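Protein chains in written order, with the working numbering: chain A, 221 to 386; chain B, 9 to 148. Only one structure is covered here, and it is reproduced in the block below.
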Amino acid sequence: MRLRSLFATAMLSGIYSFLGASWMLLLDAPDVAFTEAAVGAGISTVVLLVTLSLTTREEKPTRFRVLPLLVVLATGTALIYATFGMPAHGDPNAPAHQWVAPEYLADLVPTASGEVIPVGIDNVVTAVLASYRGYDTLGETAVIFTAGIAVMLLLRRRPKDEGGTP
Amino acid sequence: MKHPSILRVVSKLLIPYILLFAFYVQFHGDYGPGGGFQAGVIFAAALILYALVFGLEPALRVAPLAVIEKLAALGLLIYAGVGIVAMLKGGNFLDYSALEQHETQGQHHGIMIVEAGVGITVASVLIAIFYSFAGRRRGR
């Protein structure tokens, strides 16, 4: 099955993101579900639609090629094979639950003077993001800022474009 | 569009609640799901909905691009500034415990200010990206 209408493709990707948000909710990750629903299903779809209104709504017909299909199949098979080596969902002995997670859940953060104090934040996700991994989140915010600056530099209409010949 | 007034009335009713929900997610992030990133995204979605329904010009009057650009940088500066203040108060960079006498209180306030910085940057960047896309016309 092939879909050449890019409008329908944009809508399908939005629906897929919304389903992804529901999976995240089923996995007890409401923070991620929020983000996926708002960014993936909402803002990304809007940006895709605006892009379609600037370009075209139909994909150009392309020749069917075998090599990309083989690459995709091989990568997909390798990824699915790799999931067999993962621990079961919710396994308490999984490495992710053994290393730093117990410290985070115990709600203790070391201070500069060497003693240990509670962070006292009920939502452990917020505590991990903002306090235990504050450097990471600072970096992420810088990445978002840089991405915004890059998009503005690339797409901004220059003053000479205003009212001039296209 | 055949009946734009339906869309206008419904989105006028919805937008205040979306903005309120964004602030709830922002400031209740310590206790419930959410935080700066999610709140910023929801806030941006409200403004983008406004721009979609009422047009880009009214949205630019509400939130001019010059203000949005400065807010994007301000949020990041607030985040880094909390780290610097923690250093000035004798702690490590981003060590919120050093912010106040009571260390857990310092963690609370540090996290709240940092999340506000994240929210401001995320909301402004998403709005600015939407403005950049929507401000262009075909063939330019």
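From the three backbone atoms N, C-alpha and C, an ideal C-beta is built for every residue, glycine too. Just so we're clear, the structure is a prediction, and the values are computed from it rather than from any experiment.
Item to check | CA nearest to the CA of proline 281 (chain A), picked from A:Tyr301, A:Thr366, A:Leu226, A:Ala347 | outcome: A:Leu226
Checklist entry - Using a C-beta cutoff of 7 Å, does alanine 80 (chain B) count as contacting chain A? => result yes
Next on the checklist: Would glycine 260 (chain A) pass as an interface residue toward chain B - the criterion being a Cβ-Cβ separation below 7 Å?
Outcome noted: no
Checklist entry - Is it right to say alanine 67 (chain B) is buried, meaning 16 or more other beta carbons lie within 10 angstroms of its own, or is it exposed? => result buried
Checklist entry - What number of angstroms, rounded off, separates the C-alpha of glycine 384 (chain A) from the C-alpha of alanine 131 (chain B)? => result With a pLDDT of 45 at glycine 384 (chain A), under the threshold of 50, the predicted position of this residue should be treated as unreliable, though the coordinate-derived value follows. Answer to the nearest angstrom: the Cα atoms are 32 Å apart.
Checklist entry - Exposed or buried, threonine 357 (chain A), counting other C-beta atoms within 10 Å across all chains shown (16 or more means buried)? => result buried
Checklist entry - Thinking C-beta only, is threonine 361 (chain A) closer than 7 Å to tyrosine 87 (chain B)? => result yes
Next on the checklist: Once DSSP output is grouped into helix, strand and coil, what is the label at valine 339 (chain A)?
Outcome noted: coil
Next on the checklist: Do valine 122 (chain B) and valine 90 (chain B) have their beta-carbon atoms positioned less than 7 Å apart in this structure?
Outcome noted: yes
Next on the checklist: Here's the rule I'm using: 16 or more other beta-carbon atoms within 10 Å means buried, otherwise exposed. How should histidine 309 (chain A) be labelled?
Outcome noted: exposed
Item to check | Local conformation of glutamate 123 (chain B) per DSSP, three classes | outcome: helix
Item to check | Exposure of alanine 106 (chain B), with buried meaning 16 or more beta-carbon neighbours within 10 Å | outcome: buried
Checklist entry - Under three-state DSSP, which class holds leucine 247 (chain A)? => result coil
Checklist entry - Which residue or residues does DSSP assign as beta-bridge partners of serine 225 (chain A)? => result A:Glu278
Checklist entry - Going by other Cβ atoms of all chains shown within 10 Å of its Cβ, with 16 needed for buried, is aspartate 251 (chain A) buried or exposed? => result buried
Next on the checklist: Are there any heavy atoms of the ligand GDP lying less than 6 Å away from the beta-carbon of threonine 295 (chain A), as far as the coordinates show?
Outcome noted: Judged by which ligands are present, the structure shown has none, so any question about the ligand GDP falls away.
Checklist entry - For leucine 15 (chain B), which three-state DSSP category applies? => result helix
Next on the checklist: Taking contact to mean 3 or more Cβ pairs, one atom from each stretch, closer than 8 Å, check whether the region 124–143 of chain B and the region 71–82 of chain B are in contact.
Outcome noted: yes
Item to check | Contact list for arginine 69 (chain B) against chain A, beta-carbon separation under 8 Å | outcome: Going along chain A, no residue has its Cβ under 8 Å from arginine 69 (chain B), so there is no contact; the nearest lies around 18 Å.
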